[in-house]
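Scroll down for the structure; my scribbles are underneath it.
Residue numbers (the numbering used here): 16 to 397.
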């Protein structure tokens, strides 16, 4: 018996072992995969969505028939090998596609006639590959864009095993690369950077912070509301990522927009709200924003081994990003004061300028927050 069939059987056995009881109907659950390191070879098994392929679905029904797979086998194999990379450092490892297997048509039990004849086809296919490694180095990086067009096809759960070590990672179009078996210090650094980037690119969260700044009366009140917001969003972020709280983005995202409108309205109407009541409102909004942070981090996924480290790093990164924004906002205000007021009348003009700036910022927040609220509720579309 040649070596290739033995390797193929070994790969299939590895995939069945890795996913145990989940493989009753399919050889590999959709949107999942495994990488098993044996010596200087990485054996890969992936369930790939058909919609991620180009030029293989001739009738464009979102399924891959046996005839289509037979016709385009070489094309599909090239695409998979090119778009799923394993790297040792910055060096891409050579890949060999060993086998392509069409998954069973999931309609077979519910609608048998649809699963036979020319209409038969699968939404996912199984690919088995072998990557040649230069060494037994644990620091491997995986990079892929094998994601489908459907929402549930926009992630790949990948498990890498070497000896007695196992790590799982969730890859998405926005987080399509993952380095396995990193030290905890590197994980902390990576997630800290992700947290900083997320908050600085999150315009809705920054706008909410701006409404807090302009509405605060004195630096003690300012520190109090920001601390309340920080503690609150940290609680729901952690609880959600650890699976203790679940919330749908369908109401979290409109809720975040509504929180901007609420705080801007309080600033514009100059409502007389007791400091403790205002702090409670800010903390309540913070709980909501924490769920929004969790939704974004869910796309990245907690680190497979250092879950707590990645969560702490992401949260600390958010706080650093907030601090950078606050320093920038304060600097802009001071700069405007220096430009628009003369030294001789600065003491008289500064309060009026600060009040006018706060009102203008709150108006902008009200307009943008209202637009986002209507957009996220589906009332308006862009």
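Just so it is clear, CB atoms sit at the ideal spot from N, CA and C, and this is done for glycine as well. Just so you know, these numbers come straight off a predicted model, no measurement behind them.
Measuring straight from C-alpha to C-alpha, what distance separates residue i and residue j?
{"i": "residue 307", "j": "residue 49", "result": "30 Å"}
{"i": "residue 146", "j": "residue 80", "result": "27 Å"}
{"i": "residue 165", "j": "residue 332", "result": "31 Å"}
{"i": "residue 238", "j": "residue 294", "result": "11 Å"}
{"i": "residue 71", "j": "residue 135", "result": "15 Å"}
{"i": "residue 246", "j": "residue 101", "result": "40 Å"}
{"i": "residue 256", "j": "residue 317", "result": "8 Å"}
{"i": "residue 341", "j": "residue 347", "result": "10 Å"}
{"i": "residue 149", "j": "residue 44", "result": "30 Å"}
{"i": "residue 88", "j": "residue 393", "result": "42 Å"}
{"i": "residue 83", "j": "residue 377", "result": "58 Å"}
{"i": "residue 109", "j": "residue 163", "result": "24 Å"}
{"i": "residue 289", "j": "residue 234", "result": "16 Å"}
{"i": "residue 57", "j": "residue 92", "result": "17 Å"}
{"i": "residue 168", "j": "residue 73", "result": "20 Å"}
{"i": "residue 125", "j": "residue 119", "result": "Its pLDDT being 49, under 50, residue 125 is placed unreliably in this model, and the coordinates cannot settle the point."}
{"i": "residue 291", "j": "residue 199", "result": "40 Å"}
{"i": "residue 254", "j": "residue 343", "result": "31 Å"}
{"i": "residue 236", "j": "residue 218", "result": "24 Å"}
{"i": "residue 259", "j": "residue 85", "result": "47 Å"}
{"i": "residue 249", "j": "residue 312", "result": "13 Å"}
{"i": "residue 130", "j": "residue 75", "result": "In this predicted model, residue 130 has a pLDDT of only 48, less than 50, meaning its place in the structure is not dependable enough to derive any value."}
{"i": "residue 339", "j": "residue 345", "result": "10 Å"}
{"i": "residue 243", "j": "residue 382", "result": "25 Å"}
{"i": "residue 269", "j": "residue 220", "result": "13 Å"}
Just to confirm, is the Cβ distance from residue i to residue j under 7 Å?
{"i": "residue 272", "j": "residue 391", "result": "yes"}
{"i": "residue 141", "j": "residue 116", "result": "yes"}
{"i": "residue 47", "j": "residue 172", "result": "yes"}
{"i": "residue 112", "j": "residue 96", "result": "yes"}
{"i": "residue 138", "j": "residue 60", "result": "no"}
{"i": "residue 14", "j": "residue 185", "result": "Lying outside 16 to 397, the shown extent of the chain, residue 14 is not represented and no answer is given."}
{"i": "residue 350", "j": "residue 229", "result": "no"}
{"i": "residue 193", "j": "residue 157", "result": "yes"}
{"i": "residue 395", "j": "residue 389", "result": "yes"}
{"i": "residue 191", "j": "residue 226", "result": "no"}
{"i": "residue 209", "j": "residue 330", "result": "no"}
Among the residues of its own chain, which have a CB less than 6 Å from the CB of residue i, if the five just before and after it don't count?
{"i": "residue 104", "result": "none"}
{"i": "residue 275", "result": "222, 223, 380 and 384"}
{"i": "residue 52", "result": "177"}
{"i": "residue 328", "result": "203, 206 and 207"}
{"i": "residue 195", "result": "155, 175 and 182"}
{"i": "residue 215", "result": "336"}
{"i": "residue 55", "result": "148"}
Quick check on residue i: does DSSP put it in helix, strand or coil?
{"i": "residue 62", "result": "strand"}
{"i": "residue 282", "result": "helix"}
{"i": "residue 99", "result": "strand"}
{"i": "residue 277", "result": "helix"}
{"i": "residue 147", "result": "strand"}
{"i": "residue 330", "result": "helix"}
{"i": "residue 87", "result": "coil"}
{"i": "residue 219", "result": "helix"}
{"i": "residue 39", "result": "Interpretation of residue 39 is limited by its pLDDT of 33, a score under 50 that renders its predicted location unreliable; the figure taken from the coordinates is listed afterwards. Coil."}
{"i": "residue 159", "result": "strand"}
{"i": "residue 49", "result": "strand"}
{"i": "residue 442", "result": "Residue 442 is absent from the structure shown; the chain starts at 16 and stops at 397."}
{"i": "residue 140", "result": "strand"}
{"i": "residue 185", "result": "strand"}
{"i": "residue 207", "result": "helix"}
{"i": "residue 107", "result": "strand"}
{"i": "residue 113", "result": "strand"}
{"i": "residue 177", "result": "strand"}
{"i": "residue 393", "result": "coil"}
{"i": "residue 322", "result": "helix"}
{"i": "residue 55", "result": "coil"}
{"i": "residue 252", "result": "helix"}
{"i": "residue 263", "result": "coil"}
Excluding sequence positions up to five away, which residues of its chain have a Cβ less than 7 Å from the Cβ of residue i?
{"i": "residue 152", "result": "103"}
{"i": "residue 68", "result": "91 and 94"}
Only counting the same chain, and skipping five residues up and downstream in sequence, which positions put a Cβ closer than 8 Å to that of residue i?
{"i": "residue 267", "result": "303, 306, 307 and 310"}
{"i": "residue 63", "result": "95, 139, 140, 141, 142 and 161"}
{"i": "residue 212", "result": "332 and 336"}
Practice prompt. Report yes or no: do three or more beta-carbon pairs, one from the stretch 262-269 and one from the stretch 318-327, lie closer than 8 Å?
Written response: These segments do not touch.
Discussion item. Whether or not the stretch 285-305 and the stretch 167-184 are in contact is what I'm after, with contact meaning three or more pairs of Cβ atoms, one per stretch, closer than 8 Å; do they touch?
Written reply: In short, these stretches do not touch, since the Cβ pair count stays below three.
Worksheet item: Below 8 Å, can you find three or more Cβ-Cβ pairs linking the stretch 333-344 to the stretch 280-291?
Response: Contact between the stretch 333-344 and the stretch 280-291 is absent, with fewer than three C-beta pairs closer than 8 Å.
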